[in-house]
Amino acid sequence: MKNVPLYLAGEFVQSQTSEWIDVTNPATNEVIAKAPCTTDAEMRKAIETGGEIFKTWKEVPVSERARVMLRYQALLKEHHDEIAEILSQETGKTFEDAKGDVWRGIEVVEHAANVASMMMGETVGNVARGVDTHSWIQPLGVCTGITPFNFPAMIPLWMFPMAIACGNTFILKPSEQDPLTPMRLAELFEEAGAPKGVLQVVHGGKEQVDVLLTDPAVKAVSFVGSVPVGRYIYETGTKNMKRVQSFAGAKNHMVIMPDADKQQVLNALVGASVGAAGQRCMAISVAVFVGEAQSWIPELKGAMANVRPGAWNDSDASYGPIISSKAKDRVESLIATGESQGANLLLDGRGCTVDGLPDGNWVGPTLFSGVTTDMDIYNEEVFGPVLACMEEATLADAITLINNSPYGNGVSIFTGSGGAARKFQHEIEVGQVGVNIPIPVPLPFFSFTGWKGSFYGDQHAYGKQAVRFYTETKTVTSRWFSSEVETEAEANFSIQLR
Ligand code: NAD
Numbered sequence: 207m208k209n210v211p212l213y214l215a216g217e218f219v220q221s222q223t224s225e226w227i228d229v230t231n232p233a234t235n236e237v238i239a240k241a242p243c244t245t246d247a248e249m250r251k252a253i254e255t256g257g258e259i260f261k262t263w264k265e266v267p268v269s270e271r272a273r274v275m276l277r278y279q280a281l282l283k284e285h286h287d288e289i290a291e292i293l294s295q296e297t298g299k300t301f302e303d304a305k306g307d308v309w310r311g312i313e314v315v316e317h318a319a320n321v322a323s324m325m326m327g328e329t330v331g332n333v334a335r336g337v338d339t340h341s342w343i344q345p346l347g348v349c350t351g352i353t354p355f356n357f358p359a360m361i362p363l364w365m366f367p368m369a370i371a372c373g374n375t376f377i378l379k380p381s382e383q384d385p386l387t388p389m390r391l392a393e394l395f396e397e398a399g400a401p402k403g404v405l406q407v408v409h410g411g412k413e414q415v416d417v418l419l420t421d422p423a424v425k426a427v428s429f430v431g432s433v434p435v436g437r438y439i440y441e442t443g444t445k446n447m448k449r450v451q452s453f454a455g456a457k458n459h460m461v462i463m464p465d466a467d468k469q470q471v472l473n474a475l476v477g478a479s480v481g482a483a484g485q486r487c488m489a490i491s492v493a494v495f496v497g498e499a500q501s502w503i504p505e506l507k508g509a510m511a512n513v514r515p516g517a518w519n520d521s522d523a524s525y526g527p528i529i530s531s532k533a534k535d536r537v538e539s540l541i542a543t544g545e546s547q548g549a550n551l552l553l554d555g556r557g558c559t560v561d562g563l564p565d566g567n568w569v570g571p572t573l574f575s576g577v578t579t580d581m582d583i584y585n586e587e588v589f590g591p592v593l594a595c596m597e598e599a600t601l602a603d604a605i606t607l608i609n610n611s612p613y614g615n616g617v618s619i620f621t622g623s624g625g626a627a628r629k630f631q632h633e634i635e636v637g638q639v640g641v642n643i644p645i646p647v648p649l650p651f652f653s654f655t656g657w658k659g660s661f662y663g664d665q666h667a668y669g670k671q672a673v674r675f676y677t678e679t680k681t682v683t684s685r686w687f688s689s690e691v692e693t694e695a696e697a698n699f700s701i702q703l704r
């Protein structure tokens, strides 16, 4: 068992705090590490260091900053499986899933290596006689990121490589539930040649986040996590005059049209609902069967019943445990409420066990049918391997149902009809739409574009739009006096225009 260090001012140091948070292996509930609740003095030191280092880092040529990202990308690839193993142990994710988490982060680092072309400004010559205007894209200063437990490699990597490539310094506050993966990312970043203090990592919860949200030296806050915390971060950060992007929770629907390919639908629904134990912000948690498609529900039940959770290194396991025993109790209690509110519980994942791992936070695949919009199982983000089935008469009814949801992260339609797919794409009020794709997560040359209650802010600063979020535009208008005077013809031309 180890005490997780802080990465402060370029050193991996032990916190002076007396408060520590247990980091557990969700498959056993053994304590594998302790994360410090960073002290106020340490938080202030991180912010002060970030401000100092910014003065020199922003002057480092953009091509050199990009080269750090190239080296980092190579190191992440070299250590890919090792990082995935750390990640599996602290999240419980299967090894395959953990490797995907790391890989999706590497893709953002690749994007960050192209920063120079993304930071190009604009020029117009002769905006007035002898006067030119050009714009520069410049970094902001100290930026910060607060990340959730469910993607401890990918989500920190959504943030700090782009912010730092733009010339900012960055303070990461990862989830206290799985800080070991982000610490390994930080070690490799230093190995890639990032100067000391450009990236710093602090640990803790609300108290530490509040320092980042209120200290005037912090210029921008990126958050990914649950809805209540996301709202709080947005409200508090903007009240303190910071730039904030806040990616929050979700309740994602998949619409199944009767003309869809049944086998594709069943495979997609099983993977998208129970994969990663349903702990994905893009998981499908509601299946909306249109018309005759509802006759497939018994086969869906059969397919889901064949899936089981297990340890990260069990290659037959489809998914791992829930992150904590508290989160598991919440999932089980929402299943109980679903039943008591009148939904049909077709598969009950409560009381699930895994051989040899009696203390893990296991929940089996769970399926409800007959779910209605007044039930908690429909309205709450369960964040467990639980799928709620609903029925609608027409595609238009399904679209109305989804557009009335307060969330807007992801949605999907399975259909054989181009017309139905087009109508759906155009009318649906959700930011990320899949057509015959269950989890439509965009690559970083697009943006991650949740809508409504799944996102607070005005820029989706993942990938492509990150450069706009982490920079300011400076417009310079200049006149240079030439020793040559205007020719008579030029002067006459101006006079005619006036
Ligand atoms: P969480 O909101 O509990 O925690 C996220 C981060 O906020 C952590 O670093 C945590 O320490 C910090 N935090 C917790 N309470 C806080 C408070 N009161 N004040 C300030 N900071 C606080 O989320 P989680 O359980 O770690 O992650 C799961 C959630 O994240 C789900 O709701 C999921 O949908 C969401 N998520 C969203 C996206 C997206 O892109 N929209 C991606 C991944 C996860």
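Residue numbering for the sequence shown is 207 to 704, as defined by the numbering used here.
Backbone N, C-alpha and C define an ideal beta-carbon position, used for all residues, glycine too.
For residue i: DSSP bridge partner residues
{"i": "LEU593", "result": "LEU573"}
{"i": "ASP338", "result": "SER684"}
{"i": "PRO515", "result": "TYR525"}
{"i": "GLU598", "result": "VAL496"}
{"i": "ILE502", "result": "Reading off the sequence shown, one finds Trp at residue 502, where the question assumed Ile. Answer is none; TRP502 lacks a bridge partner."}
{"i": "GLY616", "result": "GLN638"}
{"i": "LEU607", "result": "DSSP, once it has assigned bridges, lists no residue as partnering LEU607."}
{"i": "LYS679", "result": "First, the amino acid is wrong: residue 679 is Thr here, not Lys. Answer is ILE343."}
{"i": "LEU540", "result": "LEU540 is not bridged to any residue."}
{"i": "GLN406", "result": "ILE377"}
{"i": "TYR662", "result": "SER452"}
{"i": "VAL424", "result": "VAL348"}
{"i": "LYS208", "result": "ALA239"}
For residue i, the first and last residue of its enclosing beta strand (DSSP E)
{"i": "ILE227", "result": "226 to 231"}
{"i": "GLU217", "result": "217 to 219"}
{"i": "LEU212", "result": "212 to 214"}
{"i": "ALA493", "result": "490 to 496"}
{"i": "ASN550", "result": "550 to 553"}
{"i": "LYS379", "result": "375 to 379"}
{"i": "SER530", "result": "SER530 -> no beta strand (DSSP E), and no H or E assigned at all."}
{"i": "LEU563", "result": "Segment: none, LEU563 is in no beta strand (DSSP E) and carries neither H nor E."}
{"i": "LEU649", "result": "First-last for LEU649: undefined, no H or E at that position."}
C-beta contact flag for residue i and residue j at 8 Å
{"i": "GLY637", "j": "GLY614", "result": "yes"}
{"i": "SER479", "j": "GLN451", "result": "no"}
{"i": "VAL673", "j": "MET368", "result": "yes"}
{"i": "THR387", "j": "LEU293", "result": "yes"}
{"i": "PRO591", "j": "ALA483", "result": "yes"}
{"i": "PRO464", "j": "ALA499", "result": "yes"}
{"i": "LYS670", "j": "PRO646", "result": "no"}
{"i": "CYS558", "j": "GLY570", "result": "yes"}
{"i": "ILE634", "j": "ASN609", "result": "yes"}
{"i": "THR300", "j": "GLY526", "result": "yes"}
{"i": "VAL210", "j": "ALA239", "result": "yes"}
{"i": "ASP520", "j": "ILE253", "result": "no"}
{"i": "TYR169", "j": "LEU394", "result": "An answer regarding residue 169 cannot be provided, because it is not within the stretch 207 to 704 covered by the chain."}
{"i": "MET325", "j": "THR677", "result": "yes"}
{"i": "GLU296", "j": "ASN231", "result": "yes"}
{"i": "ASN446", "j": "ALA489", "result": "no"}
{"i": "SER221", "j": "THR245", "result": "yes"}
{"i": "LYS425", "j": "VAL348", "result": "yes"}
{"i": "VAL494", "j": "ALA604", "result": "yes"}
{"i": "MET460", "j": "SER611", "result": "no"}
{"i": "LYS379", "j": "GLY403", "result": "no"}
{"i": "ASP338", "j": "SER684", "result": "yes"}
{"i": "ILE528", "j": "SER575", "result": "no"}
{"i": "GLY481", "j": "THR234", "result": "no"}
Range covered by the alpha helix (DSSP H) that runs through residue i
{"i": "THR387", "result": "386 to 397"}
{"i": "GLU633", "result": "624 to 633"}
{"i": "LEU418", "result": "412 to 420"}
{"i": "PHE654", "result": "Careful: PHE654 lies outside any alpha helix (DSSP H) and carries neither H nor E."}
{"i": "VAL673", "result": "672 to 675"}
{"i": "ASP582", "result": "582 to 585"}
Test: residue i CB closer than 8 Å to a CB of chain B
{"i": "CYS349", "result": "Going by chain labels, chain B is absent from the structure shown, which holds only one protein chain."}
List in chain order: all unbroken alpha helix (DSSP H) runs of 4+ residues lying wholly within the segment 426 to 487.
Secondary structure in the segment 426 to 487: the alpha helix (DSSP H) runs of 4 residues or longer, each lying completely within the stretch, are 433 to 445 and 468 to 480 in chain order.
Runs of 3 residues minimum, wholly inside the segment 317 to 369: which ones carry the beta strand (DSSP E) assignment?
Scanning the segment 317 to 369 for uninterrupted beta strand (DSSP E) segments of 3 residues or longer gives 329 to 334, 337 to 345 and 348 to 352, listed from N- to C-terminal end.
Beta strand (DSSP E) runs wholly inside the segment 231 to 319, at least 3 long, in chain order
When DSSP assignments are scanned along the segment 231 to 319, the uninterrupted stretches of beta strand (DSSP E) that are 3 or more residues long and fall wholly within it turn out to be 236 to 242.
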